[in-house]
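Colleague: Residue numbers (numbering that gives the first Met the number 0): 0 to 305. Before we start, here is the structure in question, set down as structure tokens.
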Amino acid sequence: MKYIKLFILGLLVYSCDNISEVLEQSDDINVILLETTSLPIGNPGDTISFKVLATTNDIIKRVELTEKSHDFQPLGGKIRYEIVDTISVDENGYFNRDVRSIVVNYPIVLTDVTIGDTLSMRFTFTTDKGVRSSVKAQAKVGNYIYNSVKMIVGGHPLTATGGRFYSATHHKPYTEDFYQSKKDSIDVVVFSFQDGPSDYKIRFMSPGSSRTQDQIDGMMNAVLLNYDYNTMLNTKFIKVDLPWMRIGDEEIRQLDFSNATDVIDVAPDDRIGFMTQDGRKGVILGLELIGFKIPLQTKIQKIPEF
Numbered sequence: 000m001k002y003i004k005l006f007i008l009g010l011l012v013y014s015c016d017n018i019s020e021v022l023e024q025s026d027d028i029n030v031i032l033l034e035t036t037s038l039p040i041g042n043p044g045d046t047i048s049f050k051v052l053a054t055t056n057d058i059i060k061r062v063e064l065t066e067k068s069h070d071f072q073p074l075g076g077k078i079r080y081e082i083v084d085t086i087s088v089d090e091n092g093y094f095n096r097d098v099r100s101i102v103v104n105y106p107i108v109l110t111d112v113t114i115g116d117t118l119s120m121r122f123t124f125t126t127d128k129g130v131r132s133s134v135k136a137q138a139k140v141g142n143y144i145y146n147s148v149k150m151i152v153g154g155h156p157l158t159a160t161g162g163r164f165y166s167a168t169h170h171k172p173y174t175e176d177f178y179q180s181k182k183d184s185i186d187v188v189v190f191s192f193q194d195g196p197s198d199y200k201i202r203f204m205s206p207g208s209s210r211t212q213d214q215i216d217g218m219m220n221a222v223l224l225n226y227d228y229n230t231m232l233n234t235k236f237i238k239v240d241l242p243w244m245r246i247g248d249e250e251i252r253q254l255d256f257s258n259a260t261d262v263i264d265v266a267p268d269d270r271i272g273f274m275t276q277d278g279r280k281g282v283i284l285g286l287e288l289i290g291f292k293i294p295l296q297t298k299i300q301k302i303p304e305f
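Structure, rendered in structure tokens:
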């Protein structure tokens with residue numbers, strides 16, 4: 000058991016960014032979060048888990064929630080006690096058998112929370128000698144959802160243009176064959192166009208733009224598409240200068256669409272801000288077009304913030 004505890008603590012020291020900020024000790028019991036110092040983020044309605052490790056040379060008799068920032072509702076039957084086998088706690092938090100090391104995996108559903116809230120729960124452990132030690136687990140309520148998708152955005156090279164339809168809100172690409180049934184969710188029409196003998200570039204267009212109508216009317220299969228921009232959603236676009244990894248809730252919230260356009264050309268590694276018709280903001284990272292395929296990464300608000 001001693002070597003197991005040393006191994007676990009060694010891994011934690013290696014994986015945590017700054018262990019001194021999450022570790023609280025007493026003489027006889029150590030309690031640590033199984034997280035880095037950056038706060039985990041969940042969206043309203045999501046399920047997240049707090050994980051806490053307690054270890055001692057004595058016996059851990061009890062775990063309690065001694066502080067909560069919100070009225071969390073635990074998922075019945077989903078709380079797990081790891082490292083040890085066949086262990087449970089009674090309604091007062093007492094373990095059914097002696098343990099010296101344990102991980103508590105405590106999931107909660109983010110209900111009755113507000114975007115921007117910092118959530119916290121304090122886990123307090125007690126040994127058989129009455130020594131108590133605790134640590135506060137925290138998380139932040141965010142609003143953006145990350146998604147990654149690979150789209151085919153061109154047709155035969157001789158046609159110079161081809162198009163595909165992308166739903167940033169549903170995180171799915173739709174081909175021309177099925178776009179009619181997805182009109183209420185298509186936020187971006189993605190085209191490739193030829194700029195030189197072999198240089199193909201990408202253009203994002205608002206589905207509800209007359210310029211998108213003109214683009215599609217020039218395609219070889221325009222008659223089959225039966226496209227009517229008046230029945231499609233409107234999306235606004237801007238260029239974003241921030242590095243992709245620095246773009247989070249606050250950066251998305253502050254995007255300014257007062258000078259936005261309904262059509263925008265996209266170079267590799269461009270960050271394109273967009274606002275959907277229902278007011279959700281987001282950013283698309285357009286990577287390099289390879290063989291008429293473009294990997295898209297998207298960060299979009301789960302709900303509009305007006």
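Don't be surprised by glycine CBs; every beta carbon is placed ideally from N, CA and C.
Any chance the segment 127–141 sits against the segment 27–41, with 3 or more Cβ pairs inside 8 Å?
Modeller: Segments in contact, yes.
Colleague: Which class does residue 249 belong to by DSSP, given the choice of helix, strand or coil?
Modeller: Residue 249: helix per DSSP, three-state reduction.
Colleague: Just verifying my parser: in three-state terms, what is the DSSP assignment at residue 279?
Modeller: The answer is coil: DSSP assigns residue 279 none of H, G, I, E or B.
Colleague: Check residue 117 in the structure and name its three-state DSSP category.
Modeller: Strand, per DSSP.
Colleague: Tell me the rounded alpha-carbon separation between residue 62 and residue 251.
Modeller: If you take the alpha carbons of residue 62 and residue 251, they lie about 39 Å apart.
Colleague: Rounded to the nearest angstrom, what separates residue 229 and residue 206 at their Cα positions?
Modeller: Distance between the alpha carbons of residue 229 and residue 206 is about 9 Å.
Colleague: Which value, in whole angstroms, describes the spacing of the CA atoms of residue 85 and residue 46?
Modeller: So the alpha carbons of these two residues sit roughly 24 Å apart.
Colleague: Apart from the five residues on each side of it in sequence, which residues of its chain come closer than 7 Å, Cβ to Cβ, to residue 137?
Modeller: Around residue 137: 38, 117, 118 and 119.
Colleague: What residue does the alpha helix (DSSP H) around residue 222 start on, and which one ends it?
Modeller: Per DSSP, residue 222 belongs to the alpha helix (DSSP H) from 221–224.
Colleague: Suppose contacts are defined by Cβ-Cβ distances below 9 Å. Is residue 268 in contact with residue 232 by that definition?
Modeller: The answer is no: Cβ separation not under 9 Å.
Colleague: Can you list, in chain order, the residues of its chain whose CB lies under 6 Å from that of residue 114, leaving out five sequence neighbours each side?
Modeller: 140 and 142, listed in sequence order.
Colleague: Starting from the Cα of residue 274, find the closest Cα among 266, 253, 109 and 294 and give me that residue.
Modeller: Taking only the C-alpha atoms, the option nearest residue 274 is 253.
Colleague: Would you kindly work out how many angstroms separate the C-alpha atoms of residue 19 and residue 112, rounded to a whole number?
Modeller: In this prediction, residue 19 has a pLDDT of 37, which is less than 50 and means its spatial position is unreliable; what the coordinates show is noted afterwards. Cα-Cα distance, rounded: 29 Å.
Colleague: Output the distance between the C-alpha atoms of residue 238 and residue 78, rounded to the nearest integer angstrom.
Modeller: The straight-line gap from Cα to Cα measures roughly 44 Å.
Colleague: Going by C-alpha distance, which of 98, 190 and 90 is nearest residue 80?
Modeller: It is 98.
Colleague: Are there any heavy atoms of the ligand FMN lying less than 8 Å away from the beta-carbon of residue 232, as far as the coordinates show?
Modeller: The ligand FMN is absent from the structure shown, which contains no ligands of any kind.
Colleague: Express the C-alpha separation of residue 100 and residue 126 in angstroms, rounding to a whole number.
Modeller: Using only the alpha carbons, I get a separation of about 11 Å.
Colleague: Would the beta-carbon of residue 304 fall within 9 Å of that of residue 278?
Modeller: For residue 304 and residue 278, yes; Cβs fall inside 9 Å.
Colleague: Assuming residue 299 and residue 144 make a contact with CB atoms under 8 Å, what is their CB distance in whole Å?
Modeller: Confirmed, about 6 Å.
Colleague: In this structure, how does DSSP classify residue 269 when only helix, strand and coil are distinguished?
Modeller: Residue state, collapsed to three classes: strand.
Colleague: Just tell me which of 285, 247 and 225 has its CA closest to the CA of residue 178.
Modeller: Comparing Cα positions, the closest option is 225.
Colleague: Give the straight-line distance between the Cα atoms of residue 218 and residue 191, rounded to the nearest whole angstrom.
Modeller: One C-alpha to the other measures close to 12 Å.
Colleague: When the Cα atoms are used, what is the spatial distance from residue 312 to residue 187?
Modeller: This structure cannot settle anything about residue 312, because the visible part of the chain is limited to 0 through 305.
Colleague: Which residue comes first and which comes last in the beta strand (DSSP E) that contains residue 97?
Modeller: Run containing residue 97: 93–108, per the beta strand (DSSP E) assignment.
Colleague: Taking its Cβ as the centre, do 16 or more other Cβ atoms sit within 10 Å of residue 41, making it buried, or is it exposed?
Modeller: Burial call: buried.
Colleague: Measure the alpha-carbon distance for residue 12 versus residue 105 and round it to whole angstroms.
Modeller: In this prediction, residue 12 has a pLDDT of 40, which is less than 50 and means its spatial position is unreliable; what the coordinates show is noted afterwards. Each residue's alpha carbon lies about 22 Å from the other.
Colleague: Among residues of its own chain, excluding the 5 on either side of residue 170, which ones have a beta-carbon nearer than 6 Å to its beta-carbon?
Modeller: Closer than 6 Å at Cβ, skipping near neighbours: 146.
Colleague: To the nearest angstrom, how far is it from the Cα of residue 227 to the Cα of residue 149?
Modeller: Spanning the two alpha carbons is a distance of roughly 26 Å.
Colleague: Suppose you measure from the CA of residue 221 to the CA of residue 209; what does that come to, to the nearest Å?
Modeller: Taking the straight line joining both Cα atoms gives about 14 Å.
Colleague: Using the C-alpha atoms, what's the distance from residue 216 back to residue 175?
Modeller: Rounded to whole angstroms, residue 175 to residue 216 spans 13 Å at the Cα level.
Colleague: Checking the sheet assignment: what are the DSSP bridge partners for residue 287?
Modeller: The partner list for residue 287 (beta bridge, DSSP) is empty, contrary to what the question assumes.
Colleague: Based on Cα-Cα distance, which residue from 292, 92, 95 and 167 lies nearest to residue 200?
Modeller: Comparing Cα positions, the closest option is 292.
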